[in-house]
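Here is the structure we will look at.
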Amino acid sequence: MNARLYRSLYRIRRVEEEVARAYPTDAIKSPVHLSIGQEAVSVGVCEALRPTDIVFGTYRSHAMYLAKGGDLNAMVAEMYGKATGCARGKGGSMHLIDTDAGVMGTSAVVGTTIANAAGYAYALKTRRSDAVVVCFFGDGASEEGVFAETLNFASLKSLPVLFVCENNGYAIHTSQAKRQGRPDIAARAEAYGIPADRLDGSDVTGLLERTRTVLSGMRTLGGPHFFEVKTYRWREHVGPGRDFALGFRAESEAEPWVKNDPIPRLAALLPAAERAAIVQEVEAEVAAAFAFAEASPFPDPAELMIDIYQEAGNALACR
Amino acid sequence: MPSPAVKPQRQAPKAPTERTLSFVDAVREAAELEMARDPNVLVFGLDVDDPKAIQGTTRGLVEKFGPERCFGTPLSEDAMTGAAIGMALAGLRPVHVHIRMDFLLLAMNQLLNVAAKSRYMYGGRVNVPLVVRAMIGKSWGQGAQHSQGLHGMFMHVPGIKVVAPATPYDAKGCLAAAIRDDNPVLYVEHRLLHFTKGPVPEAAYTVEPGKARITRRGADVTLVGISSMQVECLRAAAYLEAIGIDAEVIDPIWLSPLDMDTICESVERTGRLIVVDTAWTNCGAAAEITAQVAERLQGIRDLRLKRMGFAPTTCPTAPNLEDLFYPNARTVAAAARDLVEERACGWLPAERADLKSIEFKGPF
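Printed below as a string of structure tokens:
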């Protein structure tokens, strides 16, 4: 399992480092919100999921998309605005989707997918499915009205949805302390009767084990669950760089998170040869994905006016 | 240039043996038939399962289909719209009911940022087959926050369809079409139309998107009446007939997609157009229809155009002020005569008992 977790974490980290490297060339024509530093939340949770389980995310969801099994080539091509992208070059970094992998969408408007996830979970419940929905969102989303409304509905209908609040402490450049009267987000879920855990986003193994336990209960007994996972964003809100120079947060604040980075910690647990093989495979895969994106064509001009509506007579033929 | 003309909607059947149904029962029957036809269809919203059952439009659904497929919701328009989208992404076909269109303003984020855009921004990989029923109120002091016609806002945004049926026949057929449509559809209902009755076939049928209906043939002026204003336009045509003006009346039925071919073909004949909306005229459906007619027919036909709708103010509750706020059959007729005679005639027909506007009777 350590090798699996290491591969997934290292792969996401390297993809995003490559995004950051390529970004100044302006080949990526999409606002990118990197999850560097936060990967363990997505990896720890998604590693416990089945392919038939569903995830919803945010504009900072490269990690979730990849951890859930989203197609890497299609994601990078999407950032390049290419026709081979997961949204055919019409969504960009903030609108990732891979329905085959159960990635049902990410949104650029904070909090919107929280309610979408609950609705999807309602559909699963009516079908007596034992699949679950996981919804990833940030601490800022917990301030939106839709958050409170959705917790109430999920509790009322006992929906199989796991809410995962990735609390990185900042909404753009504003700290949680400046935005929340009581910065205990899990307590708000508990107020609606939803059991909640407060978890460490550096502890990928702990996240995986806790998710497995929780999901096992949800699959048999139903009902929502809530994770507040403390984590830290290493890069700027949007873009490839660092933002400590802006002065809204001190670099010293990042130090414990960097020190606890699960990637080198897991690497140290692996035999050198196994680790080297993973690194080599991931590097080749990442390089191939960027080459694929660069070589892919831009969408045909006719694509501008395609898929505004599902046309009649093609009712169930989603692409 | 105009595209090749499409055939307008067929006339609603008028066979003497035809069953007569109220608008309310037509809506209810469409929901019931579609729920029976497709187990993925479900109906929810504030109070849909309470004893009043949304003026009766949802009566019996919970008894027949159970609380999983027909349920009242918490007072959470934003989240419930988002949940409806999630259900639709999972393959259900939700019908979300709002007893007031004004409450849609609490759901705009999900409707316009998510529902309308999902198919496009996810590269055609998902559909959002969602129907949002929303009711416009009028008369008996509905006032500022219970009377708004906001359909123009939705016509503005690609990715969501808008329909505003004016007869029981269209109420049933349009709701069925909306439910079967794979896109989000805003279904606009007018509370005053709820009281109207008309022929409605028993079997299921659809009134498909994008086709208007010519409800009265005429040569002198084209009146396009939206939602409840369709009724006022037909009454206006009767007032005009009495002074020898022959009005053509068109019901666009679907506002998005909009059947401009039928409207333009009519205005090309009459040279005169009044669009009457149950909404403000600024940037609204009336403005859009008028602008498209002007774009298409300029240089082809001399045109006289007019928009009518809410007075450019907030809806008041005092009855005398409220009367001034809305267009009605007589003010439409007066405006049409001015257009036809190309002068301010200063004419307002005396109200005829047989053409009196229906009103909501209190107490509420």
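Those protein sequence lines, which keep their order, are chains V and P.
For reference, each letter of the first sequence is one residue, going 1 to 319 in full-length UniProt numbering.
For reference, each letter of the second sequence is one residue, going 1 to 364 in full-length UniProt numbering.
Using N, Cα and C, we set each Cβ at its ideal position, and we do this for glycine too.
- Taking 8 angstroms as the CB threshold, Asp307 of chain V lines the interface with chain P.
- Not a single CB atom of chain P sits nearer than 8 angstroms to the CB of Leu72 of chain V.
- In summary, the residues of the segment 137-161 of chain P whose CB is separated from some CB of chain V by less than 8 angstroms are Pro158, Gly159 and Lys161, in the order they occur in the chain.
- Here the C-alpha atom of Leu66 of chain V lies approximately 7 angstroms from the C-alpha atom of Ile12 of chain V.
- Residue pairing for Ile250 of chain P: DSSP places it in a beta bridge opposite P:Ile214 and P:Val224.
- The three-state reading of DSSP puts Lys52 of chain P in coil, since its state is none of H, G, I, E or B.
- Counting the other CB atoms within 10 Å of its CB gives Cys165 of chain V a total of 16 or more, which places it among the buried residues.
- Annotated as distal: Val103 of chain V and Ala141 of chain V, with beta-carbon spacing of 8 angstroms or more.
- Taking C-alpha positions only, Ala302 of chain V is separated from Asp50 of chain P by approximately 49 angstroms.
- DSSP places Asn2 of chain V in the uninterrupted alpha helix (DSSP H) bounded by Asn2 to Ala22.
- Residues of chain P whose Cβ lies closer than 7 angstroms to the Cβ of Gly119 of chain V are, in chain order, Gly82, Ala83, Ala84, Ile85, Gly86 and Met87.
- When DSSP states are grouped into helix, strand and coil, Pro262 of chain V belongs to the helix group.
- Under DSSP, the beta-bridge partners assigned to Lys230 of chain V are V:Asn167 and V:Asp200.
- Chain V has a Cβ within less than 8 angstroms of the Cβ of Asn109 of chain P.
- Taking 8 angstroms as the cut-off, the Cβ atoms of Gln38 of chain V and Asn168 of chain V count as close.
- In the three-state reduction of the DSSP assignment, Arg269 of chain P falls in the helix class, which pools H, G and I.
- Between Gly201 of chain V and Val229 of chain V the beta-carbon gap is near 5 angstroms, inside 8 angstroms, which marks them as a contact.
- Runs of the alpha helix (DSSP H) lying entirely within the segment 115-172 of chain V and spanning at least 4 residues, in chain order: 145-156.
- Between Met101 of chain P and Leu150 of chain P a beta carbon distance of about 6 angstroms is seen, short of the 8 angstroms cut, so the two are scored as contacting.
- Residues of chain V whose Cβ lies closer than 8 angstroms to the Cβ of Asp78 of chain P are, in chain order, Ala115, Gly145, Val146 and Glu149.
- DSSP lists P:Val43 as the bridge partner or partners of Cys70 of chain P.
- Note that the C-beta distance between His95 of chain V and Met75 of chain V is not below 8 angstroms.
- Between Val32 of chain V and Val238 of chain V, the C-beta spacing is below 8 angstroms.
- For the segment 116-127 of chain P, the set of positions with a beta-carbon nearer than 8 angstroms to some beta-carbon of chain V reads Ser118, Arg119, Tyr120, Met121, Tyr122, Gly123, Gly124, Arg125, Val126 and Asn127 in chain order.
- The alpha carbon of Leu105 of chain P has as its nearest neighbour, out of P:Arg216, P:Thr215, P:Ala176 and P:Glu77, the alpha carbon of P:Glu77.
- When secondary structure is reduced to three states using DSSP, Ser147 of chain P falls in the coil class, being assigned neither helix nor strand.
- For the set V:Gly89, V:Ser158 and V:Ser30, the Cα lying nearest the Cα of Ile306 of chain V is the one of V:Gly89.
- The shortest C-alpha to C-alpha distance from Ser256 of chain P to any of P:Thr313, P:Ala83 and P:Val162 is the one to P:Val162.
- Between the segment 215-228 of chain P and the segment 197-204 of chain P there are fewer than three inter-stretch CB-CB distances shorter than 8 angstroms, so the stretches are not counted as touching.
- Chain-ordered, the chain V residues with CB closer than 7 angstroms to the CB of Glu68 of chain P read Thr126.
- Residue state for Glu253 of chain V is assigned as helix, using DSSP reduced to three classes.
- In the three-state scheme derived from DSSP, where H, G and I count as helix and E and B as strand, Glu295 of chain P is classed as helix.
- Rounded to the nearest angstrom, the Cβ distance from Asn183 of chain P to Gln310 of chain V is 6 angstroms, consistent with a contact under 8 angstroms.
- With respect to the C-alpha of Val24 of chain P, the residue from P:Pro165, P:Lys138, P:Pro94 and P:Leu321 having the closest C-alpha is P:Pro165.
- Annotated as distal: Thr81 of chain P and Leu46 of chain P, with beta-carbon spacing of 8 angstroms or more.
- By the C-beta criterion, the segment 61-70 of chain P is judged to be in contact with the segment 30-48 of chain P, since at least 3 inter-stretch pairs fall below 8 angstroms.
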